[in-house]
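**Q** First residue of the sequence shown: 1, per our numbering; consecutive thereafter.
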Amino acid sequence: MEDVILRVENLVVKFNLRGQVLTAIRGASLELHRGESLAIVGESGSGKSVFVKTFMGMLDNNGWIDEGSILYNGKDLAKYKTEKEWLTIRGREIAMVMQDPMTSLNPLKTIGAQIGEAIRLHQGLSGAALQKAVIEMLADVGIPNPEHRARQYPHEFSGGMRQRVVIAIAMACRPKVLICDEPTTALDVTIQAQILDLIKALKKKYNLTTVYITHDLGVVANVSDRIAVMYAGDIIELGTTEEVFYTPAHPYTWALLSSLPQLGVKGEDLHSIKGTPPNLFNEIRGDAFAPRNPYALKIDFEVRPPYFDITPTHKARTWLLDPRAPKIEPPAVIRHLNSTHGGGNYAK
């Protein structure tokens, strides 16, 4: 995992909404390693989807990259302006599975035609070779009787099967990086597990690098090697899955984990994060989470914290890690997680 396939540095993304400027991504930086599974987690509106859409030139027309770079194979994608440039990346290098398959599929075209379109565009096949590739792709994503199913339309498929079709279309492009944007949101628990297992199998077969976007930390535990926690358009904690789950350092990560139903105590109220995320139309001073943070220091309201390294693979953007900060114990739920895992290091 030493090999960096994509590097984002100090990315700032803005949108013009009704004459006002909203800063959706505020100087986020991230390295994606070849062959890994990275999960990006955070509340709705934290900037997860906007962040990864910049990798493929999929921002809405009123959005733009204001600062920063996105380095992929020696090229800065942040400088790409034309559709012709993006077509060299979108699909064939980086592909995306959207959260609602019905908005990704054309109801008037057969499933086979829609997969075939991607194969023709990115693999250059036609005729019998194209038909064979479509059938193989459907079989690859676990759709039974693929010859018959290829002639059917999206409305004839269940939600789980439609999600498999969307994955097949993404994989037909033979990408190096597969981004899965809430791929199991609308599915029941059993089907969720099947889809996650399918993505893991495809990752292994095609040597993919995968990025999961989710607010479900239960999903994250099963699929990711590393976790990036996003809040108000910035990555505030980054580490291996084990580090973020068992020795989290940012109070926002503490709050997210404390809110997990499976960590609740019978007879006690489930933890909820008080307050609301900040208004991104306004300039944010200090730590964006400070107004909702019961452990906030005075400096949190005044100066944006830098990253503090906890281990070579784990860092967080919180003043609590500064050697001068008072030692604050994490909540009981987090201490319990830590102790069940054999202890850990919260030391600064």
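For each residue, glycine too, the CB sits at the ideal point set by N, CA and C.
What three-state label does DSSP hand residue 123 in the structure shown?
**A** Counting from 1 along the sequence shown, the entry for residue 123 is found at position 123. Of the three classes helix, strand and coil, the one that applies to residue 123 here is helix, per DSSP.
**Q** For the beta strand (DSSP E) containing residue 148, list its first residue and its last residue.
**A** Within the sequence shown, the letter at position 148 stands for residue 148. Not the beta strand (DSSP E): residue 148 falls in the alpha helix (DSSP H), residues 146 to 149.
**Q** Would you give the residue range spanned by the beta strand (DSSP E) that residue 228 belongs to?
**A** Position 228 of the sequence shown, counted from the first residue, corresponds to residue 228. Where residue 228 is concerned, the enclosing beta strand (DSSP E) stretches over 226 to 231.
**Q** Which residue comes first and which comes last in the alpha helix (DSSP H) that contains residue 245?
**A** On the sequence shown, position 245 is the one that residue 245 refers to. Its alpha helix (DSSP H) spans residues 241 to 246.
**Q** Under the three-state reduction of DSSP, which class applies to residue 4: helix, strand or coil?
**A** As a position in the sequence shown, residue 4 is number 4, starting the count at 1. Note: residue 4 maps to strand in three-state DSSP.
**Q** Does DSSP put residue 234 in a helix, in a strand, or in coil?
**A** For the purposes of this step, residue 234 is taken as the residue at position 234 of the sequence shown. Three-state result, residue 234: strand.
**Q** Near residue 348, which residues of its chain fall below 6 Å by C-beta distance, leaving aside the five closest residues on each side in sequence?
**A** The residue you call residue 348 lines up with position 348 of the sequence shown. Caution is warranted here: a pLDDT of 38 is assigned to residue 348, below 50, making its placement in the model unreliable, and no coordinate value can be reported.
**Q** Please report the straight-line C-alpha distance between residue 328 and residue 248, rounded to a whole angstrom.
**A** Residue numbering aside, residue 328 sits at position 328 when the sequence shown is read from its first letter. Residue numbering aside, residue 248 sits at position 248 when the sequence shown is read from its first letter. When rounded, the distance between both Cα atoms is 13 Å.
**Q** Excluding the five sequence neighbours on either side, which residues of its own chain have a C-beta within less than 7 Å of the C-beta of residue 275, listed in chain order?
**A** Reading the sequence shown from its first residue, position 275 is the one you call residue 275. These residues qualify, in order along the chain: 291 and 292.
**Q** How is the beta strand (DSSP E) around residue 314 delimited, first residue to last?
**A** In the sequence shown, residue 314 corresponds to position 314, counting from 1. Segment 314 to 316, the beta strand (DSSP E) holding residue 314.
**Q** Is residue 68 helix, strand or coil by DSSP?
**A** Sequence index remark: in the sequence shown, residue 68 carries index 68 (1-based). Residue state, collapsed to three classes: strand.
**Q** Between the C-alpha atoms of residue 261 and residue 117, what's the straight-line distance to the nearest angstrom?
**A** On the sequence shown, residue 261 is found 261 positions in, with the first residue counted as 1. On the sequence shown, residue 117 is found 117 positions in, with the first residue counted as 1. A direct Cα-Cα distance of roughly 43 Å separates residue 261 from residue 117.
**Q** Report yes or no: do three or more beta-carbon pairs, one from the segment 26 to 33 and one from the segment 56 to 66, lie closer than 8 Å?
**A** no
**Q** Assuming residue 234 contacts residue 26 (C-beta within less than 8 Å), just tell me the rounded distance between them.
**A** Within the sequence shown, numbered from 1, the residue matching residue 234 stands at position 234. Within the sequence shown, numbered from 1, the residue matching residue 26 stands at position 26. 5 Å between Cβ atoms; contact.
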